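If you read the sequences in order, they're chains S and H. Position one of the first sequence corresponds to residue 1 (full-length UniProt numbering), numbered consecutively onward. Position one of the second sequence corresponds to residue 1 (full-length UniProt numbering), numbered consecutively onward. Think of the CB as a built atom: it goes at the ideal place given N, C-alpha and C, for glycine as much as any other residue. The model shown is predicted, which means the values in this text are computed figures rather than measured ones. I have placed the structure first, in the form of structure tokens, so that the comments after it can refer back to it.
There are 2 protein chains.
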Amino acid sequence: MTGTFYGLGVGPGPYGLLPVTALEILQTADLIYAPRSRVSPDSVALAALDGLPFPRDRVREVEFLMDGDDTRIGEHYAALAHEIAAHQRAGRSVAYLTIGDAMTYSTLGYLVAALTREAPDLPRRVFPGVTSYATAAALTGFSLGEGKERVLILPCPDDMAALRADILVHDVVALMKVGRRMADVLALLQELGIAEHCALAHRLGLDGEVVLPSLAPAPDPGRLGYLSVVLIRREAPRRFA
Amino acid sequence: MTGTFYGLGVGPGPYGLLPVTALEILQTADLIYAPRSRVSPDSVALAALDGLPFPRDRVREVEFLMDGDDTRIGEHYAALAHEIAAHQRAGRSVAYLTIGDAMTYSTLGYLVAALTREAPDLPRRVFPGVTSYATAAALTGFSLGEGKERVLILPCPDDMAALRADILVHDVVALMKVGRRMADVLALLQELGIAEHCALAHRLGLDGEVVLPSLAPAPDPGRLGYLSVVLIRREAPRRFA
């Protein structure tokens, strides 16, 4: 009997946002791979499972690779897929954690592609999760689309003129991976006169969390960049009388 | 003691995609409002909770209003907010179910705005959920953004020229509420030569579910429109060698 590979979106932060079904998978998997960034001592995906009941002794942390050239990324995920497929062939089920949703700006896509090449015959299932931008929206009462509205999800560009143009032709913009551009983004929102109805979430559920339902007055951008999402509306939301 | 209002995104279909924390809230709430469309005999939100343990006798179905003019929608949600606030003041906690994510093209936004006007002093919390498009992506292995990619979420326009223009300037398009335009959408994807790497999910987890990881050859659009999402990529996905 071969084991199944399960890709699990665990949601952002330890809020218990893991879907019920994904927790059930986690409780029965033989091995749980928890990716960890090279710049962080801990797995953020694992931290998102704080307080939930599942066997910790089955976890193995693996470093994930997001940057680098295509060849290097390809080799990294091919090696990981080779190792996971061997476990599956030995009958062990393998869960792989991914922060937020499974297929949204996630390294899981690379791994699934590598597994498909390595072992197209082995069973795989991916479970979706809750995104950081949906969590930020829930916490701040920010609507991610009403009626015919158009919502753009994008990693923050370096060029603020490009971001300005995107804001002007979409109703809602959810800005991921803001990083060191936070000061420029905040300045742009003030300049456009829309900061009051824009929102921000930083380190959701983690130490140093900041959740702001309005960006007027502008917060200090100092430490707000990493693990932040900014929610932008071109116009103030409709309020039914 | 006043009761708390909880807005809960329950995810699409009975896949157990409700977040763990939302299920805990559901198990303790005094009243559970389950919105039901006027054209449907059952609550799709309630169907998404099939098989999950919570007290069914606390559920009350309410008709929701998505269409109509602003005045009518405003009156509808003001009346609902008035009723819910009275329960909260009597010490009862109230959960309100919403299919998919809580703030993504959801009527919950209207209700939260009405509650804020009716009773700004009463406690409210909104929990995010899993969207239909993230679920469709997980089931079909479709990546919702990699690296610097831009992802557009939008309700399907009537005008296929507008949709074509949107596909050409975004890397990924998740098309909601396709309805009777399904045949036109499928024809456009064939014409653009990208149908092979586009995906579709219809009635996720419900009777008559259809999940297609490729739209070439084109499926029969006949009954695929309602409760469908189409995932579109302008170019074939990168595959690391």
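Interface residue (Cβ-Cβ distance to chain H less than 9 angstroms): Ile84 (chain S) is not classified as such. Looking at the backbone, the Cα of Leu188 (chain S) and that of Cys156 (chain S) are separated by about 13 angstroms. Assignment of Tyr15 (chain S) by DSSP, reduced to helix, strand and coil, places it in the coil class. Leu18 (chain H) and Pro19 (chain S) have their C-alpha atoms roughly 5 angstroms apart. The C-alpha of Pro12 (chain S) lies about 17 angstroms from the C-alpha of Gly179 (chain S). Within the same chain, Tyr6, Gly7, Leu8, Gly9, Pro19, Thr21, Ala22, Ile25 and Ala102 come within 8 angstroms of Phe127 (chain H) by CB-CB distance, once the 5 residues on both sides are set aside. Unbroken alpha helix (DSSP H) stretches of 4 residues or longer found wholly inside the region 63 to 119 of chain H: 70 to 89 and 108 to 118, given in chain order. In this structure, Val211 (chain H) lies near Ala136 (chain H), with their beta-carbon atoms less than 9 angstroms apart. Residue pairing of Glu61 (chain H) in beta bridges, as defined by DSSP: H:Ala34. Using a C-beta cut-off of 8 angstroms, the region 195 to 206 of chain S makes contact with the region 222 to 236 of chain S, since at least three inter-stretch Cβ pairs fall below that distance. Taken through DSSP and simplified to helix, strand or coil, Gly222 (chain H) comes out as coil.
For Ala47 (chain H), the uninterrupted alpha helix (DSSP H) run begins and ends at Val44 to Ala47, by DSSP. Taking 9 angstroms as the cut-off, the beta carbon of Gly100 (chain S) is found no closer than this to the beta carbon of Val59 (chain S).
Within the same chain, Met182, Ala183 and Leu186 come within 6 angstroms of Pro221 (chain H) by CB-CB distance, once the 5 residues on both sides are set aside.
Contact between Thr116 (chain S) and Thr107 (chain S) is absent: CB atoms are separated by about 15 angstroms, not below the 8 angstroms threshold. Within chain S, the residues whose beta carbon sits less than 7 angstroms from that of Phe142 (chain H) are Met103, listed in sequence order. Contact residues of the region 6 to 17 of chain S toward chain H are Gly7, Gly9, Gly11, Tyr15, Gly16 and Leu17 (C-beta to C-beta distance below 8 angstroms). When Cβ-Cβ separations below 9 angstroms define contact, Pro19 (chain H) makes contact with chain S. Taking 4 residues as the minimum length, the alpha helix (DSSP H) runs contained wholly in the region 121 to 201 of chain H are 132 to 140, 160 to 169 and 182 to 192, in order along the chain.
Leu212 (chain H) sits in a strand when the DSSP states are folded into three classes. At the C-beta level, Asp171 (chain H) and Arg150 (chain H) come within 9 angstroms of one another. By the Cβ neighbour-count rule, Arg124 (chain H) is buried, with 16 or more other Cβ atoms within 10 Å of its own. Rounded to the nearest angstrom, the gap between the Cα atoms of Phe64 (chain S) and Ala113 (chain S) is 15 angstroms. Each of H:Gly141, H:Ala79, H:Gln190 and H:Tyr105 was checked against the Cα of Met160 (chain H), and the nearest Cα belongs to H:Gln190. Each of S:Pro213, S:Tyr133, S:Thr28 and S:Ala138 was checked against the Cα of Asp57 (chain S), and the nearest Cα belongs to S:Thr28. When 7 angstroms is used as the limit between beta carbons, Pro213 (chain H) is near no residue of chain S, the shortest such separation being about 11 angstroms. DSSP places Arg56 (chain H) within a helical segment (H, G or I) once states are collapsed to three. Taking 9 angstroms as the CB threshold, Glu118 (chain S) stays off the interface with chain H.
Leu52 (chain S) is a Cβ neighbour of Gly16 (chain S), given a cutoff of 9 angstroms. Under the three-state reduction of DSSP, Leu23 (chain H) is assigned to helix.
C-alpha of Leu49 (chain S) to C-alpha of Asp42 (chain S): approximately 13 angstroms in a straight line. Straight through space, the alpha carbons of Ile32 (chain H) and Gln88 (chain S) are spaced by roughly 42 angstroms. Taking the CA atoms as reference points, Pro120 (chain S) sits about 55 angstroms from Pro120 (chain H). For Leu8 (chain H), the enclosing beta strand (DSSP E) covers residues Phe5 to Gly9. Using a CB distance below 8 angstroms, no part of the region 177 to 206 of chain H faces chain S. For Gly145 (chain S), the residues of chain H that pass the 7 angstroms Cβ criterion are Thr104, Tyr105 and Ile153, in the order they occur in the chain.
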